[in-house]
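Chains A and B, in that order, are what the protein sequence lines are. Counting in my numbering, the final residue of the first sequence is number 511, and the numbers go up one at a time with none missing. Counting in my numbering, the final residue of the second sequence is number 1151, and the numbers go up one at a time with none missing. Don't be surprised by glycine CBs; every beta carbon is placed ideally from N, CA and C. Working notes for the structure below.
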Amino acid sequence: MNQAGFPLLSLLTFLPLVGCLVILTVRGDEATVASNARWAALWTSLIVFVLSLVLWFEFDRGQAGFQFTERLSWLPTYGIDYRMGIDGISVLFVLITTALTPIAILSSWTAKVRVREYMLAFLFMETTMIGLFCSLDFVMFFIFFEAVLIPMFLIIGVWGGEKRLYAAIKFFLYMFTGSMVMLLGILALWFHAGTTSIPVLLQTPLSRDMQFWLFLAFLAAFAVKIPIWPVHTWLIDAHREAPIAGSVLLAGVLANMGGYGFLRFSVPMLPNAAEYFAPLMFALGVIAIIYTSVVALVQRDMLKLVAYSSVGHMAIAVVGIFTFTVQGIEGSLFRMLSHGFITAALFLCVGVLMDRTRSQSMDGFGGVVHRMPFFALLFMIFAMGTVGLPGTAGFIGEILVIVGALKVNFWVAFLTAITLIISAVYTLVWYRRIIFGALVRPDLKALVDLNGREMAMLIPLVALTLWMGLYPSSFSVFFDATVGAMAQQHVAAIAGTTHLAAALPMAGVIR
Amino acid sequence: MIFAIAVFAPLFGSLISGLFGRWLGDRGAMGVSLLFMVIAAAAGIFTGGQILTGLVPASTVSIGDWLHVGSFQANWELRYDSLAAVMVVMVTVVSTLIHLYSVGYMHGDRSVPRFFAYLSLFTFAMLMLVTANDLLQLFFGWEGVGLVSYLLIGFWYDKPSANAAAIKAFIMNRVGDLGFALGIALVFFLFGSIQLDTIFADAPLHNAATYRLFGTNMHAYDVIGVLLFIGAMGKSAQIGLHTWLADAMEGPTPVSALIHAATMVTAGVFLMARMSPLLEYAPFALTVVTIIGGTTALFAATIGCAQTDIKRVIAYSTCSQLGYMFVAIGVGAYQASMFHLICHACFKALLFLTAGSVIHAMSGEQDMRKMGGLARRIPYTYVMMWIGSLAIAGIPVLSGFYSKDAILDAAYFGRGGGYGFICGELATFLTAFYSWRLIFLTFHGPSHVAPEVEHHVHESPLVMTGPLAVLALGAIFAGMTLRYSFIGGGQGLFWAGSISDIHHPNLLTQIEHTPLFIELLPSLLGLLGILTAFVMYIAMPGLPARMAQMFGPIYRLFLNKWYFDELYDAVFVRPYHAVARVLWHVGDEGIIDGIPRGGAALVRGSSGGVVRLQTGSLAGYAFVMLIGLVVLITVFLIFR
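Okay, here's the thing in structure tokens:
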């Protein structure tokens, strides 16, 4: 058994489903059902969060391998098992999921329509998200990877904005297409190795050709999920139409699934292909960083602005991953985690304004600081997080990726570092339009500062932003060992094959 | 420990007045932040005195871990050596004086606690910068002062011009920071560490290292030096990245004095002095520094001669003086540069605060053309302005005389300093000219003061004039008292190895023996500048207008700041917006979304029936998707 003494990961994964059952049993008039469903969902997610803290305290930080592992025989004839486990890369993704879900539920407190189903969707989604990060079997991973689409599709399509169906279907089609291609890859891997166990696959050497095609197959799924330019437009529509809580999870967790996929599969299983495609990934990454940050400046819709900034931020993580250096990979983990809660927080901030003004366009805004000084302060901290100011979480990932990238190539580092300038451009211009200036619009004069619920959502995120910015070591200890081993293995794998390649002509002569 | 108090006391002051200002009230917030600043200054002077007199050896104060990723390690640590101590003493003392001055200047403002919170927060960030023990903490302070500078320039956030200036300052600084960040990365690439001690100790080892860039193998140290200098150019408003500094005058005047004259803008100079053990091996980078510094010194001075806003004149003067400091860096006279930095902090803070006193007297008017004849109305301010101007003009025995002379002498002797020397000498003339132009326009001649302002003209309260007196003492005596320690015979003991000049060891002894003519030239040019200003603005008041007409193009060039803003607007700002729109509408909406849309249109014919499936029923959708999942798994199992 694992160090928790009980199947902790399974419990974390399926506890939200128990919450779903509780909510389903609620009876009464609509208001009672809504209220009970909200509270049940919040309590469930909070219990899951508290339980997940066991990982924070019990996780063995010095160990590179999988921990808290569980294994049940599932389809033994096909080499498919029920396997759970986490390592340094996944543990913090689990924690950020359990931390963001209660916040997402809090932020949807004011929803009026089909509250019970709304809450069910969130809890079901939590199950799929946690399950995905804990899966140690590729088929399980795939099931969770697909299952997460269902609640998200519904959240966008049912509780979204005016063009919600368009956005939901676009979201689904993009995701589904990517997943289909990945499924082929999984099948191929399974034919080759006879198993879908991730720990086994990590040790299975693959030919260069196979790596090449598998990389492309996985890329299709993960690139869409992150998303990488040019398959990012679904995200813009999804964020614009999704309810705020949906955007929180979309940015905070779903985007990270793509990055996690690269780190779990593409880089360690396909080292040669990853090396081969690294220039392509750099190119896509820096294009995305610059392209989306530039486009973000001219957005009038605040949700779209944050969505574009989100694409740019995740692209930095992509660049970091494919440097294969310790600094680059850890930087990209920091980037993904900090993007998770900072971008989520920015969506929440937009949500706070939308709740009060019923408008997501920044036209006519201005002078909000006169009425909401405390909100302005929190918003400033998140804005600085997204700008990557040292002392906030955003900085750590950015500088590490730049440092890692410079080890590979000056121009990759340079183009990545341009984010320092252009992310400041759109963020500060946006902040000024909303917060500063004179208070002109009459309806803004009635604004009130944050209420208790909103503070409960935002203050933990402020604390996280500053904590990770000022004391990032407390996070990096979790993944130091795993990433260190990963970078070493990559170097060894590349050295092994180049050595092999160098030896090949000789072998030909002898033969 | 006491050293840590000097650094962290302003942070506490800032947090208390910022978070609890609403309950403390204006007076409470002022009192708290001032109290913590006094504590910081006392601690700073005490510990600074210990280290600068050699009572305690240089050391570090460890606060905690920050970032440990592989060998990329940064800790929260305070470096406690002579260079840091000099800056800590200067920053805490000047900041305390400016806090005090602000009590009077900001009296009656709408958000006093916020102002004092920012001012103290700035001081904290600046102290983190100067006490950093690794490049990343230096960058933390560097960006921290940038943030607070942004907040303070935009302090009066109702004003669109203030907001625009704030954003401009932040972004221009970030352009420089791009260089700085890459410099840090390259240092790490080369040294495997960003700890200052490791870098300095290993500097001789990697001297032969090259870095491939632009298709050639460049001397790696030169690349690092230039990258770091790009960062310094942003912060210290050197030519090319200077346009934000004049606009930054939108902020309250005490801010201009503290941030945009005495402390933050000198951070670039400090960075270069701090990195002297590395720069000593980077001759090309030093040459770049000299050229940029010399050019800025002259260029900014020409603009200063044509401005009519009293604060903008002083802002360009700051820009120009920073150029001098970089000239000194470039020729390897880091000590002289630090000497000028400290003297400049005194007289430039004095000039700004005096200008603030004038503006205070004029009920907010900053245009010198609407002043005149103020000497008798506010005599104390008038005297202070004279002291500051005499100091900046390099008139003997005042501080600027010693520090500017040292720089020009070093440029005269130093390798590759000729260009810096010529620019510096010419700028000396212009400096005196625009300083006295300011004095004459403001304090002499017929009054152009608007009648409704006229009867309000009054001398500032004691809380504002007191700090002026202290700074005036500094402006007069700092040069003669500090000279021996900073650049004279005592410099070796004083700096105690915190500045390296291994490749320029004799420069400071050389300048002791400057030919008399070179020695006196700056003062002579200064006097000539004063005389010219006198002729043009007192003796023949019609002359400036006639000259402006005669030399129309040159005058307009200076007046319009060499058209840098217009150039940047045309080359960067407007194209940026245009590209953004094109990428959005053509790139995203047109091409990227167009391809899937086209695909969708192809299948639309056959999908009419699907529309009927869009019933909006939640259960229906969920059911269909579950079926999809089942199908997937089935497919998987069939093809096993």
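So with CB distances below 8 Å, who are the chain A contacts of residue i?
{"i": "isoleucine 682 of chain B", "result": "Ile421, Ala424, Val425, Leu428"}
{"i": "tryptophan 577 of chain B", "result": "Leu470, Tyr471, Pro472, Ser473"}
{"i": "valine 1090 of chain B", "result": "Val294"}
Which residue or residues does DSSP assign as beta-bridge partners of residue i?
{"i": "tryptophan 587 of chain B", "result": "B:Gly575"}
{"i": "tyrosine 82 of chain A", "result": "A:Leu72"}
{"i": "serine 570 of chain B", "result": "B:Tyr591"}
{"i": "serine 197 of chain A", "result": "A:Asp137"}
{"i": "threonine 392 of chain A", "result": "A:Pro390"}
{"i": "glutamine 67 of chain A", "result": "A:Ile86"}
{"i": "valine 491 of chain A", "result": "According to DSSP, which records beta bridges pairwise, valine 491 of chain A is partnered with nothing at all."}
{"i": "aspartate 645 of chain B", "result": "B:Gln706"}
{"i": "serine 361 of chain A", "result": "A:Asp301"}
{"i": "aspartate 878 of chain B", "result": "B:Asp820"}
{"i": "valine 580 of chain B", "result": "B:Phe583"}
Report the residue from the options whose alpha carbon sits nearest the alpha carbon of residue i.
{"i": "alanine 315 of chain A", "options": "A:His232, A:Glu30, A:Ile236", "result": "A:His232"}
{"i": "proline 671 of chain B", "options": "A:Phe436, A:Leu132, A:Gly469, A:Arg441", "result": "A:Phe436"}
{"i": "glutamine 648 of chain B", "options": "B:Tyr1048, B:Ala585, B:Ile678, B:Arg621", "result": "B:Ala585"}
{"i": "valine 192 of chain A", "options": "A:Ala251, A:Pro199, A:Leu206", "result": "It should be pointed out that residue 192 of chain A corresponds to histidine in this sequence rather than to valine. Closest by alpha carbon: A:Leu206."}
{"i": "arginine 625 of chain B", "options": "B:Val604, B:Trp587, B:Phe666", "result": "B:Phe666"}
{"i": "methionine 541 of chain B", "options": "B:Thr721, B:Val604, B:Leu526, B:Leu594", "result": "B:Leu526"}
{"i": "glycine 1000 of chain B", "options": "B:Leu982, B:His1024, B:Ala986, B:Leu984", "result": "B:His1024"}
{"i": "serine 135 of chain A", "options": "A:Leu75, A:Phe172, A:Asn256, A:Arg264", "result": "A:Arg264"}
{"i": "lysine 886 of chain B", "options": "B:His955, B:Arg948, B:Ser900, B:Thr942", "result": "Note that residue 886 of chain B is alanine in the sequence shown here, rather than lysine. Alanine 886 of chain B has its Cα closest to that of B:His955, out of B:His955, B:Arg948, B:Ser900, B:Thr942."}
{"i": "leucine 901 of chain B", "options": "B:Gly804, B:Ala1007, B:Pro1033", "result": "B:Pro1033"}
{"i": "alanine 759 of chain B", "options": "B:Gly883, B:Pro788, B:Ile678", "result": "B:Ile678"}
{"i": "methionine 836 of chain B", "options": "B:Leu809, B:Val824, B:Ser613, B:Thr634", "result": "B:Leu809"}
{"i": "alanine 307 of chain A", "options": "A:Met257, A:Thr32, A:Asp237, A:Leu461", "result": "A:Asp237"}
Need the endpoints of the beta strand (DSSP E) that residue i sits in, please.
{"i": "histidine 730 of chain B", "result": "727–730"}
{"i": "threonine 721 of chain B", "result": "721–724"}
Interface residues of chain A around residue i at Cβ under 7 Å?
{"i": "tyrosine 1074 of chain B", "result": "Those do not exist, as tyrosine 1074 of chain B stays about 22 Å from chain A at its closest Cβ, beyond 7 Å."}
{"i": "isoleucine 678 of chain B", "result": "Leu428, Val429, Arg432"}
{"i": "arginine 685 of chain B", "result": "Leu420, Ile421, Ala424"}
{"i": "aspartate 688 of chain B", "result": "Leu420"}
{"i": "glycine 665 of chain B", "result": "Phe436"}
{"i": "phenylalanine 650 of chain B", "result": "Pro390"}
{"i": "glycine 762 of chain B", "result": "Those within 7 Å of glycine 762 of chain B in chain A number zero; the least Cβ separation is about 14 Å."}
{"i": "tryptophan 1095 of chain B", "result": "Val295, Val298"}
Could you please give the first and the last residue of the uninterrupted alpha helix (DSSP H) stretch that includes residue i?
{"i": "glycine 843 of chain B", "result": "No alpha helix (DSSP H) holds glycine 843 of chain B; DSSP gives it neither H nor E."}
{"i": "aspartate 920 of chain B", "result": "910–924"}
{"i": "serine 528 of chain B", "result": "513–530"}
{"i": "glutamine 299 of chain A", "result": "Careful: glutamine 299 of chain A lies outside any alpha helix (DSSP H) and carries neither H nor E."}
{"i": "phenylalanine 14 of chain A", "result": "8–25"}
{"i": "methionine 210 of chain A", "result": "208–225"}
{"i": "phenylalanine 1045 of chain B", "result": "1027–1045"}
{"i": "methionine 895 of chain B", "result": "890–904"}
Strictly below 7 Å CB to CB, what residues from chain B border residue i?
{"i": "lysine 407 of chain A", "result": "Phe700"}
{"i": "alanine 413 of chain A", "result": "Leu693, Ala696"}
{"i": "alanine 417 of chain A", "result": "Leu689, Ala692, Leu693"}
What residues of chain B sit near residue i, judged by a beta carbon separation below 8 Å?
{"i": "glycine 437 of chain A", "result": "Tyr668, Asp669, Pro671, Asn674"}
For a contact defined as C-beta to C-beta under 9 Å, what are the partners of residue i on chain A?
{"i": "serine 1103 of chain B", "result": "The displayed chain sequence assigns isoleucine, not serine, to residue 1103 of chain B. Within chain A, the residues near isoleucine 1103 of chain B are Trp229, Pro230, Val231, His232, Thr233."}
{"i": "glycine 655 of chain B", "result": "Leu389, Pro390, Gly391"}
Could you list which residues in chain B have their beta carbon closer than 9 Å to that of residue i, in chain order?
{"i": "leucine 297 of chain A", "result": "Tyr1087, His1088, Ala1091"}
Does the CB of residue i have a neighbour CB from chain E at under 8 Å?
{"i": "glycine 581 of chain B", "result": "No chain E appears in the structure shown, which is made up of the protein chains A and B."}
Could I get the ranges of all uninterrupted alpha helix (DSSP H) runs contained in the region 784–862 of chain B, with 4 residues as the minimum, in chain order?
-> 787–790, 794–815, 821–841
Mind listing, in chain order, the continuous alpha helix (DSSP H) runs of no fewer than 4 residues lying wholly within the region 402–437 of chain A?
-> 410–417, 419–435
Which runs of the alpha helix (DSSP H), 4 residues or longer, sit entirely within the region 695–781 of chain B?
-> 707–713, 731–746, 754–758, 764–768
Whole beta strand (DSSP E) runs in the region 958–1025 of chain B with 3 or more residues, listed along the chain?
-> none
With a floor of 3 residues, list each beta strand (DSSP E) that falls wholly inside the region 241–309 of chain A, ordered by position along the chain.
-> none
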